[in-house]
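These notes are about the structure you will find just below.
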Amino acid sequence: MSKQEFTFADLKRILLDGAGADEEIDLDGDILDTDFESLGYESLALLETGSRIEREFDITLDDDIFADHTTPRSLVEAVNASLKVTVDA
Amino acid sequence: MSARTLVTGIGVAAPSGLGVEDFWAATRIGKNAIGPVTRFDASSYPARLAGEIHGFEPAQHLPGRLVPQTDRVTQLALVATDCAFEDAGLDPGDLHPCDMGVVTAAGSGGAEFGEKELRKFWSQGPKHVSAYQSFAWFYAVNTGQIAVRNDLRGPTGVLVGDQAGGLDALAQARRRLRKGSRLIAAGGFDAPICSLGWAAHLAGGDLSTSDEPERAYLPFDEAARGYVPGEGGALIILEDEEGAVARGARDAYAEFAGYGATLDPRPGSGREPGLRRAALTALADAGCHPAEVDVVFADGAGVPRLDREEAEAITAVFGPLGVPVTAPKTTTGRIGAGGAPVDVVSAVLSMREGLIPPTTNVELSPAYDIDLVALRPRTASVRTALVLARGRGGFNSAVVLRALD
């Protein structure tokens, strides 16, 4: 049974568990519209993050999801759209 | 001809001490750091002792982004590198990134990280394997992470040759300096104390199965019965003399003066092992007569056949009882690729203090004509030191270090 909503808090937790956090960046600050790259997460960190989201929420994300969604706000929306498709199906 | 190659900074992460000060305080008196394995449950294995580094909290030393993506061996390597740069009185940002490089040796790569991910692979499936497994397990990972963290964009490399690899890395660094690099960070690290690393050591067949920390690893002793594995290593900053002088580096430790490496002949060939020739090559490279050598840091395999070969090689070069010999690694266990760089650190510190650290716990077998510095340290003027290292597979390497005037 997959969870039905992916929240910003989920994303923060998964980023921290999988890839850690840069000392210069406050993940609790106003970062919803900050690029992942500016937050210190390079391609491998995002690959790990995507893989953890897929496992935990039992969904499959597009390979280029991080290319198309470069900020937390955009990513959370995209993951939720994907979850909705899964639930509706 | 190019300028001399100088040792201008040292950093160490060893069971006997994290950081040069703690390490030397324990090493100079031969304080034992071998004990029961705590990093995994070794109770069902035939060997249950190790030289572990206790109390190391990576998050206290390294950025939060680095910890989840690195194995313990890389964390130790990065911390030792930080210490070495600080010791050299140098911020890597002081030099042009392309003028600096890094060469390290590794025996098993990120064993513990790899083991954890392999477990997930087999029990939960490939989707559960960390993306960082792509490099965290790999032999070259320490070189890569040191280069990235310190912005060293010059030549990089990795050597794999068990104990000998740690000296080969220093020699490769000198080659790079001679080709024009300004500074190379070089050394070796291993951290095999997990069930995967343990299985590999056990497969080698020379592991001590003793349960007595002070009787388990006894090179050159009649009771020698194998070795105890240790973890950690050392990082050494090597600079060409002109550059070091130009930046005002003071108090360089020593000159990296000579190097030699050989391979043993095929087993059963009846021909002499390669260690003597490696030592002679290093001495010739340094322009150094054996009589000038003040101390030999032995490989100290702790396996009777290998101990005999090493004692014979030392006697052949220096004559019976011809030079003080020590193996302070009896306090830490054998650290694989990290073992010889740690010995190089001990060698330059013994020059600085005028004291040869002891070969703790060992009572010299009468079968060997070597002047072993056993049990207690010995005061001595150490101007020239020879460091020996042998690796599984027949690798022999030797390095000559010479005090600066």
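Each protein sequence line maps, in turn, to chains A and B. Those letters in the first sequence? Residues 1 to 89, by the numbering used here. Those letters in the second sequence? Residues 90 to 494, by the numbering used here. Note that beta-carbon positions come from the ideal geometry of N, C-alpha and C, so glycine has one too. For clarity, every value in this text was computed on a predicted model and none was experimentally measured.
Span of the beta strand (DSSP E), counted from its first residue to its last, around residue i
i, result
"G190 of chain B", "189 to 195"
"S133 of chain B", "S133 of chain B -> no beta strand (DSSP E), and no H or E assigned at all."
"V488 of chain B", "484 to 491"
"E344 of chain B", "343 to 352"
"L248 of chain B", "245 to 248"
"V406 of chain B", "No beta strand (DSSP E) contains V406 of chain B, which is instead part of the alpha helix (DSSP H) from 393 to 407."
"V451 of chain B", "Premise fails: V451 of chain B is in no beta strand (DSSP E) and is neither H nor E."
"V385 of chain B", "384 to 386"
"S475 of chain B", "As written in the sequence, residue 475 of chain B is Leu, which differs from the Ser given in the question. Residues 473 to 480."
DSSP-derived helix/strand/coil call for residue i
i, result
"I59 of chain A", "coil"
"R313 of chain B", "Looking at the sequence shown, residue 313 of chain B is not Arg but Ala. Residue state, collapsed to three classes: coil."
"E37 of chain A", "coil"
"A323 of chain B", "strand"
"G422 of chain B", "coil"
"G100 of chain B", "strand"
"I282 of chain B", "coil"
"I72 of chain B", "This structure leaves residue 72 of chain B out entirely; chain B is present only between 90 and 494."
"P362 of chain B", "coil"
"P147 of chain B", "helix"
"A122 of chain B", "coil"
"V412 of chain B", "coil"
"R73 of chain A", "helix"
"R467 of chain B", "strand"
"P302 of chain B", "coil"
"D460 of chain B", "strand"
"P186 of chain B", "helix"
"P318 of chain B", "strand"
Length of the line joining the Cα atoms of residue i and residue j
i, j, result
"D180 of chain B", "A229 of chain B", "23 Å"
"K268 of chain B", "A305 of chain B", "44 Å"
"L32 of chain A", "R73 of chain A", "5 Å"
"R218 of chain B", "K12 of chain A", "Position check: residue 218 of chain B holds Val in this sequence, whereas Arg was assumed. So the alpha carbons of these two residues sit roughly 20 Å apart."
"M90 of chain B", "A375 of chain B", "Interpretation of M90 of chain B is limited by its pLDDT of 47, a score under 50 that renders its predicted location unreliable; no figure is taken from the coordinates."
"G108 of chain B", "C172 of chain B", "7 Å"
"V85 of chain A", "R55 of chain A", "17 Å"
"P356 of chain B", "D300 of chain B", "31 Å"
"A67 of chain A", "D240 of chain B", "27 Å"
"L291 of chain B", "G315 of chain B", "11 Å"
"D160 of chain B", "G199 of chain B", "5 Å"
"R481 of chain B", "G428 of chain B", "13 Å"
"A347 of chain B", "P430 of chain B", "A small correction: the amino acid at residue 347 of chain B is Gly; Ala does not occupy that position in the sequence shown. Distance between the alpha carbons of G347 of chain B and P430 of chain B is about 15 Å."
"D22 of chain A", "P157 of chain B", "12 Å"
"T170 of chain B", "F224 of chain B", "19 Å"
"R467 of chain B", "A380 of chain B", "18 Å"
"G294 of chain B", "G255 of chain B", "22 Å"
"F6 of chain A", "Y41 of chain A", "19 Å"
"L39 of chain A", "L15 of chain A", "11 Å"
"R472 of chain B", "D383 of chain B", "6 Å"
"L151 of chain B", "R271 of chain B", "26 Å"
"D494 of chain B", "T448 of chain B", "28 Å"
"G276 of chain B", "Y342 of chain B", "16 Å"
"R265 of chain B", "I273 of chain B", "8 Å"
"P215 of chain B", "R465 of chain B", "53 Å"
"A262 of chain B", "L307 of chain B", "32 Å"
"L444 of chain B", "P413 of chain B", "11 Å"
"R90 of chain A", "D62 of chain A", "Within the shown structure, residues of chain A are numbered from 1 to 89, placing residue 90 of chain A beyond reach of any answer."
Residue range of the alpha helix (DSSP H) that includes residue i
i, result
"D28 of chain A", "Per DSSP, D28 of chain A belongs to no alpha helix (DSSP H) and is neither H nor E."
"G332 of chain B", "330 to 335"
"F174 of chain B", "161 to 176"
"I65 of chain A", "65 to 68"
"I235 of chain B", "230 to 239"
"I14 of chain A", "8 to 19"
"P225 of chain B", "Checking the sequence, you will find Ala at residue 225 of chain B rather than Pro. Start and end: 222 to 225."
"G203 of chain B", "200 to 213"
Contact set between residue i and chain D, taken where Cβ atoms lie within less than 9 Å
i, result
"E77 of chain A", "Protein chains A and B are contained in the structure displayed, whereas chain D is not."
Q. Three or more C-beta pairs closer than 8 Å, one from the segment 279 to 288 of chain B and one from the segment 123 to 141 of chain B: is that the case here?
A. Contact between the segment 279 to 288 of chain B and the segment 123 to 141 of chain B is present, with at least three C-beta pairs closer than 8 Å.
Taking Cβ-Cβ distances below 8 Å as the criterion, which residues of the segment 138 to 168 of chain B are in contact with chain A? The residues in question are P152, G153, R154, L155, V156, P157, Q158.
Original post:
Would you call the segment 319 to 329 of chain B and the segment 348 to 355 of chain B touching, i.e. three or more CB-CB distances under 8 Å?
Top reply: Counting Cβ pairs under 8 Å, fewer than three are found: no touch.
- Task: Could you list the residues in the segment 50 to 70 of chain A with a C-beta less than 8 Å from some C-beta on chain B, going in chain order?
- Result: Residues are counted here when their Cβ sits less than 8 Å from a Cβ of chain B; for the segment 50 to 70 of chain A these are S51, E54, R55, given in chain order.
Taking 8 Å as the threshold, find out whether the segment 441 to 459 of chain B comes into contact with the segment 389 to 407 of chain B through three or more Cβ pairs.
Flag = yes, the segment 441 to 459 of chain B and the segment 389 to 407 of chain B touch.
**Prompt:** Counting Cβ pairs closer than 8 Å, one from the segment 34 to 41 of chain A and one from the segment 203 to 210 of chain B, do we hit at least three?
**Reply:** Cβ pair count under 8 Å is below three, so no.
Residues within the segment 13 to 30 of chain A neighbouring chain B, beta-carbon criterion of under 7 Å: So the close ones are G18, A19, G20, A21, D22, E23.
Margin query: So if I threshold CB-CB distances at 7 Å, which residues from the segment 257 to 274 of chain B count as touching chain A?
Written below: Within the segment 257 to 274 of chain B, no residue places its CB atom closer than 7 Å to a CB of chain A.
Requested in this report: Decide if the segment 101 to 118 of chain B is in contact with the segment 40 to 47 of chain A; the criterion is three or more beta carbon pairs, one per stretch, under 8 Å apart.
Outcome: With a cut-off of 8 Å, the segment 40 to 47 of chain A and the segment 101 to 118 of chain B do not count as touching, because too few Cβ pairs lie within range.
Checklist entry - Taking any Cβ of chain A, which residues in the segment 209 to 220 of chain B have a Cβ under 7 Å from it, in chain order? => result Per Cβ criterion, the list reads K216, H217, S219, A220.
Query - contact_flag[the segment 470 to 486 of chain B, the segment 383 to 396 of chain B] where n(CB pairs < 8 Å) is 3 or more - result: Contact holds: three or more Cβ-Cβ distances are below 8 Å.
Whether or not the segment 410 to 419 of chain B and the segment 430 to 447 of chain B are in contact is what I'm after, with contact meaning three or more pairs of Cβ atoms, one per stretch, closer than 8 Å; do they touch? The segment 430 to 447 of chain B, when compared against the segment 410 to 419 of chain B, does touch it at the 8 Å Cβ threshold.
Handout entry: Stretch-stretch touch, CB-based, cutoff 8 Å, three pairs: the segment 234 to 254 of chain B with the segment 75 to 84 of chain A
Key = With the cut-off at 8 Å, the segment 234 to 254 of chain B and the segment 75 to 84 of chain A do not touch.
Which residues of the segment 32 to 49 of chain A have a Cβ closer than 7 Å to any Cβ of chain B? Give them in chain order. The residues in question are G40, L44, L47, E48.
- Would you call the segment 329 to 340 of chain B and the segment 361 to 368 of chain B touching, i.e. three or more CB-CB distances under 8 Å? With a cut-off of 8 Å, the segment 361 to 368 of chain B and the segment 329 to 340 of chain B do not count as touching, because too few Cβ pairs lie within range.
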